[in-house]
Structures are given as structure tokens and as C-alpha cells.
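Q: Below are the C-alpha cells for one structure; questions will follow.
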Amino acid sequence: MAEGVILLAVTKIGIALGNEVINKAGPLFRNVKAQVAELQGGMSRISCELRLMHEFLCTMDVRNRKDQAYGVWMEEVRKVAHRIEDIVDEYLHLVGKRHEIGWRFYLMKGFKQPEDLLSLTQIVSQIKEAETSLVHLFKARERWVPMANNGPADNSAYIVERSQHLASTSRSISEDLVGVEENRKKLQKWLGDHVKERSIVVLYGMGGLGKTALAANVYNEKREKYDCHAWVSVSQTYSPIELLRKLFKELHRDGETAPSEITTMDLINIKGKLSKFLEQKRYLIVLDDVWKQEAFSDLLGELAPNTKGSRIVITTRNDDIARLASKGRALKSECLPDDKAWLLFRRKAFRREEDYECPTELKGYSEQIVAKCKGYSE
947 MAEGVILLAV TKIGIALGNE VINKAGPLFR NVKAQVAELQ GGMSRISCEL
997 RLMHEFLCTM DVRNRKDQAY GVWMEEVRKV AHRIEDIVDE YLHLVGKRHE
1047 IGWRFYLMKG FKQPEDLLSL TQIVSQIKEA ETSLVHLFKA RERWVPMANN
1097 GPADNSAYIV ERSQHLASTS RSISEDLVGV EENRKKLQKW LGDHVKERSI
1147 VVLYGMGGLG KTALAANVYN EKREKYDCHA WVSVSQTYSP IELLRKLFKE
1197 LHRDGETAPS EITTMDLINI KGKLSKFLEQ KRYLIVLDDV WKQEAFSDLL
1247 GELAPNTKGS RIVITTRNDD IARLASKGRA LKSECLPDDK AWLLFRRKAF
1297 RREEDYECPT ELKGYSEQIV AKCKGYSE
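In terms of this note's numbering, the sequence shown opens at residue 947 and continues consecutively.
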């Protein structure tokens, strides 16, 4: 995620502007004090911009995922943050090479020979370019990237969009599913077995525990084994008839064309049409983020259970909805233990590092972030 890359860049700038580096750099570059001051000023301004950007992304990150321009902008943010990190590494390595400062080895991705090091002049020039790139990114966002508001209605829309995004990817990244191995194995078994009776699986637990990500991962893995499949995000506010129309279209996505008349059918007729369509099919349907039992009744309550091996998966934060599960097929999501939370954070924040290793200088700060998450994975 972009937030982790930005945090890394900000922390490294903090090291570069810290007393140890400044004290070592002073005598080294006493003949080019103006350049050093220019470099430090540029890094300070970049740090401020990145911290503001980090706060912005913590609020907005995937809220606008459906917008292609937002996705392009986010990718450019990551690239610039990585570039800034590399430039600061070069500076720290340049200073550390001459003074054998202990942190020089881990800050660089690999040891460099003296002739490979960038000069101070080159580093100053690159910092200027990076600062200019950040300014352009902010201007580009204002011109081209629409931002969602932060009200309740937008929160529901955000949840729906995130849910649909996970379901539409070819696969959810398995390495980001940490601490859910047992639940994942059970879900894989239940969606992949050959039991003929239709069964309902419920994943339940507080919000932010990764229920949607887990369901999406296994759904994408198993869906091709069914005659038809569909993923629908329900959320707090929903229109039964609109969701049924969407469900109908999803079920037809990989097969025959959905009948055009569903756009004008009333609720009773569309339910009848859906029941008839699924009667002789082995189907997999996921209802994500269900808040109340009536939602299941509104959407699938009239489906007669067939004996084709069909499966319905429900994710919810409401424990009462777990009662809808077939016998023994309810899975509760729990907060991650400290070691699993730490592993997940490292995998997201330090993807470029070998074995996702957290640099020593960042460990204390990173542990504070993990502690604030209190075992939540999202």
C-alpha cells in the first residue's frame, strides 16, 4: 500500500535530517555548505508534503478505487515515494561510506563501490526533481481525480466498491491473508467438496477482521467449479430489486445472456425468474457485508434448496446472522495475535525488503503503528 512506502520515505528523511548525520555531513561538505543547506531544505519540505499525503491516504486510500484516474494517481504516488526513498538512501550512503556509520548497510539495497555513488550535486538535483514531482502530483489530483466525500452514504459506497474490487480480481493475494489459515482451509473444503445438499456458510465477526478478503480469496479460487457464480455486496442500505437484478446479471456473466426484461420486472417476478434459473444449477453465491437477516430473505429466501452441490456464503459483522449457517458451517473471525499482526504489517509495508524485514531504525515506529491497529487486519 502507498501508506507504507510513504512512511518509510518519511522515516528515512528523518534519519537524514537527524543530528548524527548532520554532524557527520558538516565537516565532509564544509566547502559546499550552500548545497547541503539546499538539500536539507528540500528534504524537509518533501517530508512535510509526504506526511500530509499520508494522512490523506489513510482516510481516502481505496475509497475511490472504482475510478481509473485515482488508480493511476496512486501508482504515481508509490513511484515518487520509492524514488525519494532511494535518493535519501544515496545521501545516507554517501555520508556513511566515509564515516562507517552503522546504518549505512541496511539502508542500501546492496553495497556500492565508491565510483558508483552519486555525488552531492546529483543528489541535490534529484531531490529538486522529486519535490517538483510531488507538486505536480498534487495539482494533477485536483485537476483529474474526483474524491469521494466522507459521509455515511459514501462509507457504504466505499464498502461496496472495495468488496466488488476484491471479488473481481483474478485472485486475492494469499500472502496478505495472515492468521486465517484454519478458516481458509475450512472454507476451501466446504466450497470444494462434493456434498450434494445446498449449504450456507457464514463468516462473521467485527468489521476490519478480513472477512471479505478471505471470502474473495476462496471464491476466486473455487468459482469456476460451479455452473454459475455471483458476488453481491449488500451493505447497510440496499434496494432488494436492484441487488436482485445485479445478482441475475452476475450469474449470467460467464454463460448465457441475462434476459433483458429483468430491467423492467417487479420484485415478485424477478424472484420467480431467479428461482427457475437456478433450479437445476450448481451455483455459488456470495452475499458480502450483510447487516440484517431480512436481507437474506429479501434476496434468496425464496430459493428452493437443490441437490446440485450449491453453496451460499454470507459475510457479516452481526453474530445473529450466523444462525443462518448450515450446521457446523459458521466461521468466526478474530483479531490477530501480536505476532501475526506484526507479520501482516511487514508484508504490506516492506514488500521490497528480503523476507519483508523491517529495518532496525523503523522497528520502534512500526511496532507503535501495529499496536494502534489492535489486531485488526484492515
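All C-beta atoms, glycine included, are put in the ideal place defined by N, C-alpha and C.
From a predicted model like this one, the values you see are computed outputs, not experimental measurements.
1) Taking Cβ positions, are isoleucine 1033 and serine 993 nearer each other than 8 Å?
2) Hey, quick one: how far does the alpha helix (DSSP H) through histidine 1082 stretch, first residue to last?
3) Would you give the residue range spanned by the beta strand (DSSP E) that valine 1141 belongs to?
4) Figure out for me which residue from Glu984, Gly972, Val1124, Ala1162 has the closest Cα to the Cα of leucine 1282.
5) Less than 8 Å between the beta carbons of glycine 988 and lysine 1074, yes or no?
6) With alanine 1268 and tyrosine 1150 assumed to form a contact (beta carbons below 8 Å), what rounded beta-carbon distance in angstroms separates them?
7) Got a sec? Which residues, its chain only, sit under 6 Å from valine 1316 by beta carbon, not counting five neighbours each side?
8) Throw me the rounded Cβ distance for the valine 956 and leucine 996 pair, which I believe falls under 8 Å.
9) Start and end of the beta strand (DSSP E) containing alanine 1276?
10) Going by beta carbon distance, what residues of the same chain come within less than 6 Å of methionine 1152, once the five residues before and after it are set aside?
11) Relative to the C-alpha of lysine 1254, which residue among Cys1319, Tyr1172, Leu1233 is closest?
12) Would the beta-carbon of leucine 1137 fall within 8 Å of that of arginine 1257?
13) Measure the C-alpha to C-alpha separation of aspartate 1244 and proline 1186 and round it to an integer number of angstroms.
14) Do leucine 1080 and valine 1018 count as a contact pair if the criterion is CB distance below 8 Å?
15) In this structure, does DSSP put tryptophan 1288 in helix, strand or coil?
16) Just tell me which of Glu1143, Leu1066, Glu1031 has its CA closest to the CA of lysine 1273.
17) Helix or strand or just coil, what does DSSP make of tryptophan 1177?
18) For leucine 1197, which of helix, strand or coil comes out of DSSP?
19) Anyone know if the C-beta pair for leucine 1160 and valine 1147 falls short of 8 Å?
20) Excluding the five sequence neighbours on either side, which residues of its own chain have a C-beta within less than 6 Å of the C-beta of tryptophan 1090, listed in chain order?
21) If we ignore side chains and look at the alpha-carbon of each, how far apart do glutamate 1046 and aspartate 1234 end up?
22) Suppose contacts are defined by Cβ-Cβ distances below 8 Å. Is valine 1164 in contact with arginine 1199 by that definition?
23) Give me, in chain order, the residues of the same chain whose beta-carbon lies closer than 8 Å to that of alanine 1204; leave out the 5 immediate sequence neighbours on both sides.
24) Count the other C-beta atoms from every protein chain shown that fall within 10 angstroms of the C-beta of leucine 954, then say buried if there are 16 or more, exposed otherwise.
25) Just reading off the beta strand (DSSP E) that aspartate 1235 is part of, what are its end residues?
26) Just the Cα atoms here: how many angstroms apart are arginine 1050 and methionine 1020?
27) From what residue to what residue does the beta strand (DSSP E) around isoleucine 1260 run?
28) Using three-state DSSP, classify leucine 1160 as helix, strand or coil.
A: Walking through what the data contain:
1) No, Cβ-Cβ distance for isoleucine 1033 and serine 993 is not below 8 Å.
2) Counting along the chain, the alpha helix (DSSP H) containing histidine 1082 begins and ends at 1066–1090.
3) First-last for valine 1141: undefined, no H or E at that position.
4) Of Glu984, Gly972, Val1124, Ala1162, the residue nearest in Cα terms is Val1124.
5) Taking C-beta atoms as the reference points, glycine 988 and lysine 1074 count as a pair closer than 8 Å.
6) About 5 Å separates the two Cβ atoms, so the contact holds.
7) These residues qualify, in order along the chain: Ala1287, Trp1288, Phe1291.
8) Confirmed, Cβ separation roughly 5 Å.
9) That run of the beta strand (DSSP E) goes 1276–1278.
10) Beyond the five residues adjoining it in sequence on each side, methionine 1152 comes within less than 6 Å, by CB distance, of Arg1263 in the same chain, given in chain order.
11) With distances taken between Cα atoms, lysine 1254 lies closest to Tyr1172.
12) If you check the CB distance, leucine 1137 and arginine 1257 come in under 8 Å.
13) Answer to the nearest angstrom: the Cα atoms are 6 Å apart.
14) Between valine 1018 and leucine 1080, the C-beta gap is not smaller than 8 Å, which leaves the two residues out of contact.
15) Residue state, collapsed to three classes: helix.
16) Nearest of Glu1143, Leu1066, Glu1031 to lysine 1273, Cα basis: Glu1143.
17) In the three-state scheme derived from DSSP, where H, G and I count as helix and E and B as strand, tryptophan 1177 is classed as strand.
18) Leucine 1197 carries a helical assignment under DSSP once its states are collapsed to helix, strand and coil.
19) Their beta carbons are not under 8 Å apart, which means leucine 1160 does not touch valine 1147 by this criterion.
20) Counting only Cβ-Cβ distances below 6 Å, and skipping sequence neighbours, we find Ala1015.
21) Annotation note: pLDDT 47 at glutamate 1046 (below 50); position unreliable, coordinate value reported separately. Per the coordinates, the alpha-carbon of glutamate 1046 lies some 55 Å from the alpha-carbon of aspartate 1234.
22) No, they are not a contact pair.
23) Close CB contacts of alanine 1204 within its chain, under the 8 Å cut and outside five residues either way in sequence, are with Phe1194, Lys1195, Leu1197, His1198 (chain order).
24) Residue burial is scored here from C-beta neighbours: leucine 954 has at least 16 other C-beta atoms within 10 angstroms and is therefore classed as buried.
25) Aspartate 1235 -> beta strand (DSSP E) spans 1229–1236.
26) Low per-residue confidence applies at arginine 1050: pLDDT is 40, beneath 50, and the placement is therefore not dependable, though the value from the model is reported in the following sentence. Arginine 1050 and methionine 1020 have their C-alpha atoms roughly 30 Å apart.
27) 1257–1262 is the extent of the beta strand (DSSP E) around isoleucine 1260.
28) If DSSP states are grouped into helix, strand and coil, leucine 1160 belongs with the helices.
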